[in-house]
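Peer 1: One structure is given below, represented as structure tokens, and several questions about it will come after.
There are 2 protein chains.
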Amino acid sequence: MARTAAEIRRSNVFVVIRALHARKAGVSRRELADVTGLSSATVSTICTELMEFGLISEARRLRAAAGRPTAQLILDPNHGVLIGVDVAETYVHVDSFDASLTAMTSTELAIDVHDRAPELVVCRVREAILVETARHADSRLLSIGVSIPGQVDQKGGASVFAHNWDWHNVPLLQMLGDAFEAPLYLENPLKAIALAELWSSADRSNQTFVSLNLGTGVGAGIAIEGALLRGRTNSAGEWGHTTLVADGRACRCGSRGCVEAYIGAPGILQTLRELHPESRILHGDDQTQTIEALAAAVRSGTPEALDVLEVVSHQLGLAMASLVNLLNPDAVIVGGWVSRRLGPDLLERALPHIRTHALPTPVNAVSFEVASDRANSVSLGVAILALEGYVNSVSDGYANEEVQPLRGWLH
Amino acid sequence: MARTAAEIRRSNVFVVIRALHARKAGVSRRELADVTGLSSATVSTICTELMEFGLISEARRLRAAAGRPTAQLILDPNHGVLIGVDVAETYVHVDSFDASLTAMTSTELAIDVHDRAPELVVCRVREAILVETARHADSRLLSIGVSIPGQVDQKGGASVFAHNWDWHNVPLLQMLGDAFEAPLYLENPLKAIALAELWSSADRSNQTFVSLNLGTGVGAGIAIEGALLRGRTNSAGEWGHTTLVADGRACRCGSRGCVEAYIGAPGILQTLRELHPESRILHGDDQTQTIEALAAAVRSGTPEALDVLEVVSHQLGLAMASLVNLLNPDAVIVGGWVSRRLGPDLLERALPHIRTHALPTPVNAVSFEVASDRANSVSLGVAILALEGYVNSVSDGYANEEVQPLRGWLH
Chain A
63 MARTAAEIRR SNVFVVIRAL HARKAGVSRR ELADVTGLSS ATVSTICTEL MEFGLISEAR
123 RLRAAAGRPT AQLILDPNHG VLIGVDVAET YVHVDSFDAS LTAMTSTELA IDVHDRAPEL
183 VVCRVREAIL VETARHADSR LLSIGVSIPG QVDQKGGASV FAHNWDWHNV PLLQMLGDAF
243 EAPLYLENPL KAIALAELWS SADRSNQTFV SLNLGTGVGA GIAIEGALLR GRTNSAGEWG
303 HTTLVADGRA CRCGSRGCVE AYIGAPGILQ TLRELHPESR ILHGDDQTQT IEALAAAVRS
363 GTPEALDVLE VVSHQLGLAM ASLVNLLNPD AVIVGGWVSR RLGPDLLERA LPHIRTHALP
423 TPVNAVSFEV ASDRANSVSL GVAILALEGY VNSVSDGYAN EEVQPLRGWL H
Chain B
63 MARTAAEIRR SNVFVVIRAL HARKAGVSRR ELADVTGLSS ATVSTICTEL MEFGLISEAR
123 RLRAAAGRPT AQLILDPNHG VLIGVDVAET YVHVDSFDAS LTAMTSTELA IDVHDRAPEL
183 VVCRVREAIL VETARHADSR LLSIGVSIPG QVDQKGGASV FAHNWDWHNV PLLQMLGDAF
243 EAPLYLENPL KAIALAELWS SADRSNQTFV SLNLGTGVGA GIAIEGALLR GRTNSAGEWG
303 HTTLVADGRA CRCGSRGCVE AYIGAPGILQ TLRELHPESR ILHGDDQTQT IEALAAAVRS
363 GTPEALDVLE VVSHQLGLAM ASLVNLLNPD AVIVGGWVSR RLGPDLLERA LPHIRTHALP
423 TPVNAVSFEV ASDRANSVSL GVAILALEGY VNSVSDGYAN EEVQPLRGWL H
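Chains A and B, in that order, are what the protein sequence lines are. Its first residue numbered 63, the first sequence is counted upward by one per residue in my numbering. Its first residue numbered 63, the second sequence is counted upward by one per residue in my numbering.
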């Protein structure tokens with residue numbers, strides 16, 4: 063909790079950048095002070111510094127009825143390019159963003175599910191990034207963010223453990239790094255999604271919330287009063303591996319009865335097989351096809367699909383109620399590829415279960431939402447991480463100045 | 063996340079006070095700067111202010127081999143008295159602390175379990191506080207902290223909901239307040255215990271940890287990187303009402319399968335009754351006597367007691383593993399009256415279950431501890447809350463000075 067002047071200054075810089083990002087049309091220094099709670103002098107000094115290295119610029123000046131025109135500040139899209147890389151089991155998706163975090167172009171390459179060796183996956187990821195950066199060869203490449211499933215050692219740039227490929231301590235950034243001049247930053251999709259959510263609106267940026275990711279795996283990104291919760295070893299958020307049914311179904315983590323074993327896509331398939339083994343909704347072990355068929359069958363009111371939806375909604379509701387009781391958050395946001403297919407139907411049916419199982423005080427205070435279906439919140443999240451890394455690197459010069467005069471950044 | 067200069071200064075004041083509290087023998091300004099990470103100038107200015115209003119003083123001066131003697135600073139025990147009040151279902155326990163948070167005297171009065179009406183409980187609480195403050199009539203009463211079970215509206219000073227008495231929105235501080243000149247502050251025992259833990263050592267003060275309270279009710283106080291997690295409506299930490307067994311035992315919260323329904327004292331009694339209905343360990347519905355008899359029977363190796371302990375340890379282990387996976391904490395500390403009787407035996411047997419069910423990365427990073435058996439961590443916790451309130455009130459004059467020169471507190 064001890065905050066040095068340098069840390070506070072750094073944190074306030076990001077408060078200002080987030081506020082600018084949430085107001086793409088431009089915002090005056092005075093409005094920035096109002097919305098951030100920082101003093102006008104602090105905002106003004108931070109803006110001057112950020113303009114000096116080019117991340118923000120004056121979009122235009124608004125002429126008031128009387129007095130001087132007011133400069134409208136924006137994150138300058140022309141300052142350079144940020145790359146966000148979403149590495150999944152079956153694909154690598156790369157998005158380019160301008161420096162105001164607007165998505166520009168994207169590249170997606172398939173990854174063969176049998177190519178599990180780190181060298182093969184890394185080769186494919188490198189290829190996708192190179193294709194994508196070549197599109198913006200005229201611009202300055204600021205930095206690259208990479209998301210990889212599983213547990214990530216952010217500082218070491220390594221994949222500590224990835225279930226899907228059975229990777230252990232793969233030095234990912236080192237393996238990738240030689241090909242690029244820009245610095246690389248690593249995270250997992252859960253934290254990337256939560257970062258994207260934190261930056262998505264002015265309201266969100268100070269909240270305590272949980273972004274749920276419903277997919278093959280299940281997990282959560284947790285933000286506490288506007289800051290990503292990393293935990294001691296950057297593995298916070300493993301909501302999929304909290305117990306839902308003591309001694310229940312075997313989970314791929316080695317434990318039993320985990321949330322993921324029920325509401326992860328393979329868990330939903332298992333429930334469908336248990337309830338309706340002959341169902342035409344089942345497409346063998348193909349998760350994507352089966353979940354899509356389930357979503358279509360729900361929409362057409364097929365009884366067996368509604369059966370499954372009811373069971374899964376109940377399980378989801380219980381697991382969400384636990385989160386609400388434990389963390390008393392402002393919001394729980396449901397996302398991920400299963401949610402993109404089934405989210406509104408799932409959440410609608412989960413709500414009564416949440417209300418039955420959660421305590422009145424926290425459940426009346428929380429809002430439940432289905433994540434907006436924006437392009438790729440994982441790649442956006444790691445692009446934000448890359449932007450943070452970039453800002454930290456250019457403002458490193460100020461970081462060791464604690465005893466020096468503060469250039470007014472603090473008051 | 064936006065931090066104004068006033069908020070930062072306030073936060074740094076508490077960083078210094080916590081550091082002084084963790085070093086009762088006295089500490090120099092230079093050492094304070096080292097341990098807090100704050101600059102010497104910030105520490106020096108904060109210390110000067112705190113000395114001006116008398117909370118800290120120079121204990122003595124250490125003479126170095128060469129040079130000037132170094133002042134050793136301490137929280138001044140003579141500055142005044144803090145009162146911590148622990149209101150439970152069957153008693154009210156009041157501790158007096160000096161301003162360095164050393165316990166002095168205490169008063170405990172029984173509360174008749176049938177006297178559930180707020181007026182009756184408040185009357186008993188007021189009486190206990192008056193008895194205790196009368197002992198220190200010669201000293202200045204700084205402030206009073208009150209802990210009450212259930213959900214608490216800290217700002218409104220009200221008990222929002224207390225299961226045990228079926229209270230709803232009882233304006234507790236208003237009912238108590240007339241009798242005392244000092245300000246009163248309200249919290250629940252879970253957060254009080256976590257506050258006491260946060261202040262217990264220099265190591266703890268920056269950690270992410272969970273203090274479990276095992277008693278009739280079950281809950282957790284959560285600290286995130288050195289700050290108490292309150293949540294949106296100050297009800298974070300209801301770990302007892304997270305699901306352990308979907309659709310399991312009825313819980314007094316109205317839900318089913320909650321952690322509390324298994325490892326709360328009534329849940330342990332129920333397990334004992336289910337496994338060994340004729341057991342001599344059972345003392346009807348008397349929780350205290352039965353848990354004490356169970357602890358004694360465990361120590362003497364009675365098979366039926368070991369049976370029960372094994373089941374409860376397994377349930378506790380699962381529920382703790384969920385916390386470890388979700389929050390990736392530095393420490394989980396087991397406390398509460400059930401833990402005081404059974405804690406080491408329970409934790410020892412729970413550990414293998416935690417290791418089986420938690421993910422390797424977070425479980426290898428966390429330390430599990432049984433809370434030290436110190437006098438009354440609840441009353442200490444609310445006395446700390448009272449101290450925080452006192453410091454905030456005396457430094458309120460500085461809070462509105464953001465645009466003014468900062469008196470050097472920040473650099």
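Virtual Cβ for every residue (Gly too), placed ideally from N, Cα, C.
1) Closest to B:I173 by C-alpha separation, out of B:A190, B:A81 and B:L163, would be which residue?
2) Would the region 136-151 of chain A count as touching the region 204-222 of chain A if we require 3 or more Cβ pairs under 8 angstroms?
3) With 8 angstroms set as the bound, which would you pick, yes or no: does the beta-carbon of A:I343 sit closer than that to a beta-carbon of chain B?
4) For chain A, is any of its Cβ atoms less than 8 angstroms away from the one on B:I55?
5) Relative to chain A, which residues along the region 298-318 of chain B have a C-beta separation below 9 angstroms, given in chain order?
6) Looking at C-beta atoms only, is the number of pairs between the region 446-459 of chain A and the region 67-84 of chain B that lie closer than 8 angstroms three or more?
7) Would you mind stating whether B:L389 and A:G293 have Cβ atoms separated by less than 8 angstroms?
8) Counting only beta-carbon separations shorter than 8 angstroms, does B:R122 have a partner in chain A?
9) Can you tell me where the beta strand (DSSP E) holding B:T167 begins and where it ends?
10) Distance cutoff 8 angstroms, beta carbons only. Does B:P211 sit that close to anything in chain A?
11) Quick check on A:S221 - is its C-beta less than 8 angstroms from some C-beta in chain B?
12) Measuring only between beta-carbons, confirm whether A:R188 sits less than 8 angstroms from chain B.
13) Going by DSSP in three states, B:S434 sits in which element: helix, strand or coil?
14) Using a 10 Å radius around the Cβ and a threshold of 16 neighbouring Cβ atoms, would you call A:N140 buried or exposed?
15) Taking the alpha carbon of A:L404 as the point to measure from, which residue in A:N275, A:R318, A:L380 and A:H345 has its own alpha carbon closest?
16) So which residues of chain B does A:H419 contact, with C-beta pairs closer than 9 angstroms?
17) Looking at C-beta atoms only, is the number of pairs between the region 400-414 of chain A and the region 221-232 of chain A that lie closer than 8 angstroms three or more?
18) Does the beta carbon of B:L389 sit closer than 8 angstroms to a beta carbon anywhere in chain A?
19) Could you tell me which of B:D157, B:R123, B:S162 and B:P131 sits nearest to B:A81, measuring between CA atoms?
20) Excluding sequence positions up to five away, which residues of its chain have a Cβ less than 6 angstroms from the Cβ of B:W227?
21) Return the chain-ordered list of same chain residues with a C-beta closer than 8 angstroms to the C-beta of A:L472, the five sequence neighbours on each side being excluded.
22) Chain B partners of A:Q377, CB-CB under 8 angstroms?
23) Mapping the DSSP letters down to three states, classify B:T132 as helix, strand or coil.
24) Return the first residue and the last residue of the alpha helix (DSSP H) that B:D407 is part of.
25) Residues of chain A with CB closer than 8 angstroms to the CB of B:V428, please, in chain order.
26) B:G122 lies in the beta strand (DSSP E); which residues open and close that run?
27) Flag B:L409 as yes if its beta-carbon sits less than 8 angstroms from any beta-carbon of chain A, otherwise no.
28) Which partner residues does A:A312 have in the DSSP bridge list?
29) Please confirm if A:T423 has its CB atom under 8 angstroms from at least one CB of chain B.
30) Quick one: Cα of A:H303 to Cα of A:I353, how far?
31) Closer than 8 angstroms by beta-carbon distance: list the chain B residues that pair up with A:D474, in chain order.
32) Pairing CB atoms from the region 321-332 of chain A with CB atoms from the region 330-349 of chain B, are three or more of them under 8 angstroms?
33) Could you spell out where the alpha helix (DSSP H) holding B:L276 opens and where it closes?
34) Taking Cβ positions, are A:V453 and A:L117 nearer each other than 8 angstroms?
35) Indicate whether B:T278 and B:Q216 have their beta-carbon atoms separated by less than 8 angstroms.
36) Taking C-alpha atoms, which residue in B:G451, B:S441 and B:L447 lies nearest to B:S158?
Peer 2: Judging by the given coordinates:
1) Mapped onto the second sequence, residue 173 of chain B falls at position 111. Of the listed residues, the one whose Cα sits closest to B:I173 is B:A190.
2) yes
3) Here residue 343 of chain A refers to the residue found at position 281 when the first sequence is read from its first residue. No, A:I343 does not count as interfacial toward chain B.
4) The shown model of chain B, from 63 to 473, leaves out residue 55 of chain B, and the question about it has no answer.
5) A298, G299, E300, W301, G302, H303, T304, T305, L306, V307, A308, D309, G310, C315, G316, S317 and R318
6) no
7) As a position in the second sequence, residue 389 of chain B is number 327, starting the count at 1. As a position in the first sequence, residue 293 of chain A is number 231, starting the count at 1. Yes; because the gap between Cβ atoms is below 8 angstroms, this pair is in contact.
8) In the second sequence, the residue the question calls residue 122 of chain B occupies position 60. Taking Cβ atoms only, chain A never reaches closer than 8 angstroms to B:R122, which makes this a no.
9) As a first step, residue 167 of chain B must be located in the second sequence, where it is residue number 105. Run containing B:T167: A165 to A172, per the beta strand (DSSP E) assignment.
10) On the second sequence, residue 211 of chain B is found 149 positions in, with the first residue counted as 1. Chain A contact via Cβ: absent.
11) As a first step, residue 221 of chain A must be located in the first sequence, where it is residue number 159. So, not an interface residue.
12) On the first sequence, position 126 is the one that residue 188 of chain A refers to. Closer than 8 angstroms: no.
13) Translated into positions along the second sequence, residue 434 of chain B becomes position 372. Coil, per DSSP.
14) On the first sequence, position 78 is the one that residue 140 of chain A refers to. Flag for A:N140 reads exposed.
15) As a working mapping, residue 404 of chain A is identified with position 342 in the first sequence. When only C-alpha atoms are compared, the closest one is A:N275.
16) Along the first sequence, one-based indexing puts residue 419 of chain A at 357. The contacting residues are H303, T305, C315, G316, S317, R318, G319 and C320.
17) no
18) Counting from 1 along the second sequence, the entry for residue 389 of chain B is found at position 327. Judged by the 8 angstroms Cβ criterion, B:L389 is in contact with chain A.
19) If you number the second sequence from 1, residue 81 of chain B lands on position 19. Checking every option, the nearest Cα to that of B:A81 belongs to B:S162.
20) On the second sequence, position 165 is the one that residue 227 of chain B refers to. So the list reads R178, once near-sequence residues are dropped.
21) Walking along the first sequence from the start, residue 472 of chain A turns up at place 410. Because the pLDDT at A:L472 is just 31, under 50, the model does not fix this residue reliably, and the value given afterwards should be weighed accordingly. Counting only Cβ-Cβ distances below 8 angstroms, and skipping sequence neighbours, we find A67, I70, R71, N74 and T104.
22) Here residue 377 of chain A refers to the residue found at position 315 when the first sequence is read from its first residue. Residues of chain B passing the Cβ test: A308.
23) Taking the first residue of the second sequence as position 1, residue 132 of chain B is located at position 70. In the structure shown, B:T132 sits in a strand (DSSP, three-state: E or B).
24) By 1-based counting over the second sequence, the position of residue 407 of chain B is 345. Counting along the chain, the alpha helix (DSSP H) containing B:D407 begins and ends at W399 to H419.
25) Here residue 428 of chain B refers to the residue found at position 366 when the second sequence is read from its first residue. Within 8 angstroms Cβ-Cβ: R294.
26) The sequence position of residue 122 of chain B within the second sequence is 60, counting from 1. The identity of residue 122 of chain B in the sequence shown is Arg, whereas the question assumes Gly. That run of the beta strand (DSSP E) goes I118 to L124.
27) One-based indexing of the second sequence puts residue 409 of chain B at position 347. Not an interface residue.
28) Your numbering for residue 312 of chain A matches position 250 in the first sequence. In the DSSP output, where bridge partners are listed per residue, A:A312 has A:R318.
29) Mapped onto the first sequence, residue 423 of chain A falls at position 361. It does; some Cβ of chain B falls within 8 angstroms.
30) Start at 1 with the first residue of the first sequence, and residue 303 of chain A comes out as number 241. Start at 1 with the first residue of the first sequence, and residue 353 of chain A comes out as number 291. Approximately 21 angstroms, taken between the alpha carbons.
31) No statement about residue 474 of chain A is possible, as the shown extent of chain A runs from 63 to 473 and does not include it.
32) no
33) Here residue 276 of chain B refers to the residue found at position 214 when the second sequence is read from its first residue. From DSSP, B:L276 is part of no alpha helix (DSSP H) but of the beta strand (DSSP E) over F271 to L276.
34) As a position in the first sequence, residue 453 of chain A is number 391, starting the count at 1. As a position in the first sequence, residue 117 of chain A is number 55, starting the count at 1. Contact: yes.
35) Position 216 of the second sequence holds residue 278 of chain B. Position 154 of the second sequence holds residue 216 of chain B. Contact: no.
36) The residue labelled residue 158 of chain B in the question sits at position 96 within the second sequence. For the residues B:G451, B:S441 and B:L447, the minimum Cα distance to B:S158 belongs to B:S441.
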